[in-house]
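So for the sequence shown, our numbering puts the first residue at 69; every next one is plus one.
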Amino acid sequence: MNAFVTLQAPASKSVSHRMLIGAALASGTSVVEHVLESKDLERTRALLCAAGAEIRPAGPGAYAVSGMDGLPSGGTEKAPLDCDVHESGTTCRILTAVLAAGRGVFRVHGAGRMHQRPIGALAAVLEGLGARIRYEGEPGCPPLVLSTDGLKGGESVIGLDESSQYLSGLLLAAPLMAEGLRITLGGSRVVSWPYVGLTLQTLEDFGVPFRVETREDASSSWKEADWRTLSGAYPGRLCFHVPHAAYRAGRYAVEGDWSGASYLLAAGAVGRRPVLVRGLRADSLQGDRAMLDILRAMGAAYAWRDDGVLVSPSALHGVDVDMGACPDLVPTVAAVAALASGVTRVRNVAHLRLKESDRIAAPAGELRKAGVRVDEHEDGMTVYGTGGSGAGLQAAPGTLFSAHGDHRIAMSLALLELAGMEVRLDDPAVVRKSFPDFWQVWEAVR
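Shown next as structure tokens:
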């Protein structure tokens, strides 16, 4: 038997979305390799094809994308283009901005909690740039009908209090705007900043020029900044300049996904055998690369090798951690904290209540079923560890755990199996949203 388990990280969902959008907006044919196969990406591919792109399989995980030359095309007032995003918040928010830079009428709608997830702040900016938006249900949320003759561009302000995807969508749409776009951060706080870095990386990869500027305070002058060195951003102190420009067709590859790999990395720390995870970039811009930092702070041992990162079983303890830049990791960290000793406090993730599930209440409720004390807070949670290795886990016989219709809840709860607990899920297939092969991969961990 090998001394450790070797697993392959799934392709990055965030980068897959952005790469396919960039290729679809280009003129000519691109090849995008290592694309994640998931329900969310199916939605993005379907909407891009409906709006004028052609996307064809080009091998395992690869797609040939014939672009729409920067002009998404919709339907008419009587027959809007149907844009079913299902439960993909990334598809909904980013593509709403991109489609607004096209021509025609688009009806954006979804399923599950999508019609309760806010998009009003982004819609208000798009209306200021020339689009027309009509809500069919709750104001500020899908379903909505978007009518556009293209966006003029110019200057605007967007807050990231609810989601960084608003800014990412505007940045990807900006090259299509007649005057380009100068956009300044507003709002009261910034969350998930690393995802903005992935969007800027996409613009750079596809040959779109841009400039990022920062300033000390409202009375200071703007100065150009190296966007790669930014670890955070503050309202009123960061702006972006993107001129009218063309996306460049080419050959692109999607890197491994740190969020999807978080369950595998955590398994190495809380399980009985080390786990080697392949396909991750140590220099990735993904915010969820913070998983290693959090595990190290909890006492985990890991080492980078030529073929991946190796995480070994360790005696873990609680930590106090701000996860505003890596919110998708919260269910994973909560499960790890339950198997550690001591107390873990997760902070600055109030916006998680607006995800596919309430990602504060959902993991808290499921961990309580396993006998773990969890206190919920407005901005996060406190998890009281069960003494290390999950020795204190206690679940009633036949307990059915709920995924709450959320892929990340389902995958994080699998970690409880490594403490010897049977985890019966109401909907194990929900992992198809982001990591369709998760249970096959997890068999090697089991």
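C-beta atoms are modelled at their ideal positions from N, C-alpha and C, and glycine is treated no differently.
Helix or strand or just coil, what does DSSP make of A77?
-> Position 9 of the sequence shown, counted from the first residue, corresponds to residue 77. Residue state, collapsed to three classes: coil.
By Cβ distance, which residues of its chain are closer than 6 Å to S409, with the 5 residues on each side in sequence left out?
-> Taking the sequence shown and counting its residues from 1, the one referred to as residue 409 is at position 341. Taken in chain order, the residues that qualify are H385, G453, G455, G456.
A230 burial status per 10 Å Cβ neighbour count (16 or more: buried) | Against the sequence shown, residue 230 aligns to sequence position 162. Ala is not the amino acid found at residue 230; the sequence shown has Glu there. E230 should be labelled buried.
If you draw a straight line from the alpha carbon of A512 to that of V73, how long is it in whole angstroms?
-> Looking up residue 512 in the sequence shown gives position 444. Looking up residue 73 in the sequence shown gives position 5. Answer to the nearest angstrom: the Cα atoms are 7 Å apart.
CA-CA distance, A464 and A438?
-> Numbered from 1 along the sequence shown, position 396 holds the residue referred to as residue 464. Numbered from 1 along the sequence shown, position 370 holds the residue referred to as residue 438. Approximately 8 Å, taken between the alpha carbons.
For the stretch 238-276, which segments carrying the alpha helix (DSSP H) assignment without a break, of at least 4 residues, lie completely within its bounds, in sequence order?
-> 261-273
Taking all protein chains shown into account, decide if A335 is buried (16 or more other Cβ within 10 angstroms of its Cβ) or exposed.
-> As a position in the sequence shown, residue 335 is number 267, starting the count at 1. Buried: at least 16 other Cβ atoms inside 10 Å.
In terms of residues, what are the limits of the alpha helix (DSSP H) holding V404?
-> Taking the first residue of the sequence shown as position 1, residue 404 is located at position 336. 398-406 is the extent of the alpha helix (DSSP H) around V404.
Pair within 8 Å by beta-carbon distance, A368 and V379 | For the purposes of this step, residue 368 is taken as residue 300 along the sequence shown, with counting starting at 1. For the purposes of this step, residue 379 is taken as residue 311 along the sequence shown, with counting starting at 1. Their beta carbons are under 8 Å apart, which means A368 touches V379 by this criterion.
In whole angstroms, what is the alpha-carbon distance linking A191 and V99?
-> Reading the sequence shown from its first residue, position 123 is the one you call residue 191. Reading the sequence shown from its first residue, position 31 is the one you call residue 99. Roughly 32 Å separates the two Cα atoms.
Cβ-based neighbour list, M69, same chain, cut-off 6 Å, excluding 5 preceding and 5 following = In the sequence shown, counting from the first residue as 1, residue 69 sits at position 1. For M69, the predicted model reports a pLDDT of 42, less than 50, meaning its position is unreliable and no value from the coordinates is stated.
Reference A365; option with closest CA among D390, K107, C160, V322 = On the sequence shown, residue 365 is found 297 positions in, with the first residue counted as 1. Nearest of D390, K107, C160, V322 to A365, Cα basis: D390.
Cβ neighbours of E101 in the same chain (closer than 6 Å, five flanking residues each side left out) = For the purposes of this step, residue 101 is taken as the residue at position 33 of the sequence shown. Correct list, in chain order: A130, A321.
Validate contact between the stretch 341-351 and the stretch 268-276 using beta carbons, cut 8 Å, 3 pairs | no
Nearest to L115 by alpha carbon, out of D150, Q233, A126?
-> The sequence position of residue 115 within the sequence shown is 47, counting from 1. Taking only the C-alpha atoms, the option nearest L115 is D150.
Between the CA atoms of L306 and A286 - distance to the nearest angstrom = As a first step, residue 286 is located in the sequence shown; it is residue number 218 there, counting from the start. As a first step, residue 306 is located in the sequence shown; it is residue number 238 there, counting from the start. The straight-line gap from Cα to Cα measures roughly 10 Å.
Beta-carbon separation (whole angstroms), T467 vs R427, contact threshold 8 Å = Reading the sequence shown from its first residue, position 399 is the one you call residue 467. Reading the sequence shown from its first residue, position 359 is the one you call residue 427. Contact flag wrong, Cβ pair sits at about 21 Å.
So the beta strand (DSSP E) P395 belongs to, where does it begin and stop?
-> Numbered from its first residue, the sequence shown carries residue 395 at position 327. That residue, P395, is in no beta strand (DSSP E); it is neither H nor E in DSSP.
Test item: CB-CB of V173 and G218 under 8 Å = In the sequence shown, counting from the first residue as 1, residue 173 sits at position 105. In the sequence shown, counting from the first residue as 1, residue 218 sits at position 150. Not closer than 8 Å, so no.
Limits of the unbroken alpha helix (DSSP H) element including S480 = As a working mapping, residue 480 is identified with position 412 in the sequence shown. 475-481 is the span of the alpha helix (DSSP H), which, as asked, contains S480.
Per DSSP, cross-strand counterpart(s) of L214 = As a working mapping, residue 214 is identified with position 146 in the sequence shown. L214 is bridged to F174, I201.
Mind checking whether L93 and Y234 have CB atoms under 8 Å apart?
-> Within the sequence shown, numbered from 1, the residue matching residue 93 stands at position 25. Within the sequence shown, numbered from 1, the residue matching residue 234 stands at position 166. In this structure, Y234 does not lie closer than 8 Å to L93 by Cβ.
Over the uninterrupted alpha helix (DSSP H) stretch that includes W326, give me the two end residues.
-> Your numbering for residue 326 matches position 258 in the sequence shown. Looking at the DSSP string, the run of the alpha helix (DSSP H) that includes W326 is 326-338.
Expressed to the nearest angstrom, what Euclidean distance is found between the alpha-carbon atoms of E490 and L483?
-> Counted from its first residue, the sequence shown places residue 490 at position 422. Counted from its first residue, the sequence shown places residue 483 at position 415. Taking the straight line from one Cα to the other gives about 10 Å.
Hey, quick one: how far does the beta strand (DSSP E) through E122 stretch, first residue to last?
-> By 1-based counting over the sequence shown, the position of residue 122 is 54. 122-125 is the span of the beta strand (DSSP E), which, as asked, contains E122.
Rounded C-beta distance between M249 and L238? I'm assuming under 8 Å.
-> Taking the sequence shown and counting its residues from 1, one reaches residue 249 at position 181. Taking the sequence shown and counting its residues from 1, one reaches residue 238 at position 170. The sequence given here has Leu at residue 249, not Met. Right, their Cβ atoms sit about 7 Å apart.
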